[in-house]
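Residue numbers (this note's numbering): 29 to 337.
What follows is a short report on a single structure.
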Amino acid sequence: MTLPTHWFHWRFLTLRYWPIWLGLGLMQIMAVLPFRWQLAIGGQAGRWISRIARRRRRIAAINLALCFPELTATQRAALLENHFAALGIGLFETAMAWWAPDKKLRGLARIEGAENLQQAMDRGKGVILLTGHFTTLELGARFITWQQPFHAMYRSHKNLLYEAVMRRERERRSRLPPLAHENLRGLLRAFRQGRAVWYAPDQNHGIRNSVFVPFFGVPTCTLTATTRLATLSGAAVVPYFPRRLAGNAGYEIAILPALDHFPSGDVVADTRRINELLEHHIRQAPEQYLWVHRRFKTRPPDSPRIYPL
């Protein structure tokens, strides 16, 4: 049976999808609210979510304890609360990324290092736009589209309606269709055409095509696809990191120079280098990283389980 890929499909009129339609309608309303309202309402919504999403709250608390052992219990509790506030704001940021006009967003973003991306694109071999799973992920990508169209590398969402809408809005925003992780031929074709591909390698997808390297001092199962793609294509790896600034000051998007001597020929060293880079930028605004993900689910042999069943 062929699964629907367009948001307007008869299957999506069935009762099971009504809550998603309601949520998408609310997101479009969220996108038009004044920015200061979005921050205030989003922060409160995130704190409310933390009270009902107890499993995710436990996961985030475990991750913060592992990654910030130097903090006191009180400091980590405050960081946990701020993280859920950032998650709530992230819902509004996703809504803005998908539906807010450029006119509204232009005054919110400060992009630094745009010349780094342009220089890498001028090589003509394509670019891997490397970043991490931050709560500002969708909005940060929207800001990057002002500099460069790109394909987004992604994994399918379980909800077919959300998947169809997400694909449509990401493609409309980035001006190029998303590419599935497993579509190696399509990825290499994009690089041969000198295009940019967005990629965040910092989630746990099991031991296949991964190695254990430190992440905040914890041996972490980490994808090696960045090295593999750069080796096969010759594409430059250009890291960028979005960050929401304090108060109503908006956002800063730091585009770094292309990684030099990458790939190095040592896949473990390359993967360690990427984790160190991510960790450095996460520490600048730790509440804005996606701590509710089970980043340390896959463990080295004979290591104890970290998360409860």
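Yeah, the Cβ is synthetic: ideal placement off N, Cα and C, and Gly gets one too.
Closest to residue i by C-alpha separation, out of the options, would be which residue?
i      : options                           : result
Leu158 : Arg300, Leu287, Arg84 and Arg327  : Leu287
Leu107 : Trp126, Ala123, Arg85 and Gly118  : Arg85
Ala258 : Gly293, Ala101 and Gly160         : Gly293
Pro177 : Gly53, Glu199, Leu54 and Glu191   : Glu199
Leu119 : Gly154, Ile77 and Ala192          : Ile77
Ala338 : Pro62, Pro328, Ile80 and Met181   : Limits of the chain in this structure are 29 at one end and 337 at the other, which puts residue 338 out of reach.
Arg256 : Ala81, Val296 and His308          : Val296
His111 : Thr254, Thr326, Arg311 and Glu210 : Arg311
Val155 : Gly222, Ser331, Arg83 and His233  : Gly222
Arg151 : Gly245, Tyr335, Met194 and Arg220 : Arg220
Lys131 : Leu94, Leu115, Met149 and Trp174  : Trp174
May I ask you to check if the CB of residue i is nearer than 7 Å to at least one heavy atom of the ligand GTP?
i     : result
Ile57 : In the structure on display, the ligand GTP does not appear, and there are no ligands present to speak of.
Where do the ends of the alpha helix (DSSP H) carrying residue i lie?
i      : result
Ser292 : Premise fails: Ser292 is in no alpha helix (DSSP H) and is neither H nor E.
Thr173 : Leu165 to Thr173
Phe240 : Not the alpha helix (DSSP H): Phe240 falls in the beta strand (DSSP E), residues Ser238 to Phe243.
Arg322 : Careful: Arg322 lies outside any alpha helix (DSSP H) and carries neither H nor E.
Arg256 : Ala253 to Ser261
Ala286 : It is not in any alpha helix (DSSP H) - Ala286 carries neither H nor E in the DSSP assignment.
Cutting at 8 Å between CB atoms, please list the residues of its own chain near residue i, excluding the five before and the five after it.
i      : result
Asn144 : Val266, Ile283, Leu284, Pro285 and Ala286
Tyr279 : Leu136, Ala137, Arg138, Thr164, Leu167, Gly168, Phe171, Pro270, Arg271, Arg272 and Leu273
His161 : Ala228, Asp230, Gln231, Tyr317, Leu318 and His321
Short of 7 Å in beta carbon distance, which residues of its chain neighbour residue i, apart from the five on each side in sequence? Order them along the chain.
i      : result
Ala113 : Gly71, Gly74 and Arg75
Phe290 : Ala258, Val265 and Asp298
Met29  : Since pLDDT at Met29 reaches only 38, below the 50 mark, its modelled position is unreliable, and the value read off the structure follows with that caveat. Contacts found: none.
Asn237 : Leu251, Thr252 and Ala253
Leaving aside the five residues before and after residue i along the sequence, list all residues of the same chain whose C-beta is less than 6 Å from its C-beta, in chain order.
i      : result
Ala218 : His179 and Val225
Gln147 : none
Can you name the start and end residues of the beta strand (DSSP E) that residue i belongs to?
i      : result
Arg272 : Ala264 to Arg272
Leu158 : Val155 to Leu158
Ala180 : Phe178 to Tyr182
Ala137 : Ala137 to Glu140
Contact the segment 300-318 vs the segment 240-250: 3+ CB pairs below 8 Å: A contact exists between the segment 300-318 and the segment 240-250.
Contact between the segment 121-134 and the segment 165-180 (3+ Cβ pairs under 8 Å): Touching, per the Cβ criterion.
The segment 95-111 in contact with the segment 127-144 per 3-pair CB rule at 8 Å: Here the segment 95-111 makes no contact with the segment 127-144; the two share fewer than three CB pairs at distances below 8 Å.
Minimum length 3: unbroken beta strand (DSSP E) runs contained in the segment 81-133: Correct list: empty.
3 or more residues per run - each beta strand (DSSP E) lying fully within the segment 192-236: Runs of the beta strand (DSSP E) inside the segment 192-236: 224-227.
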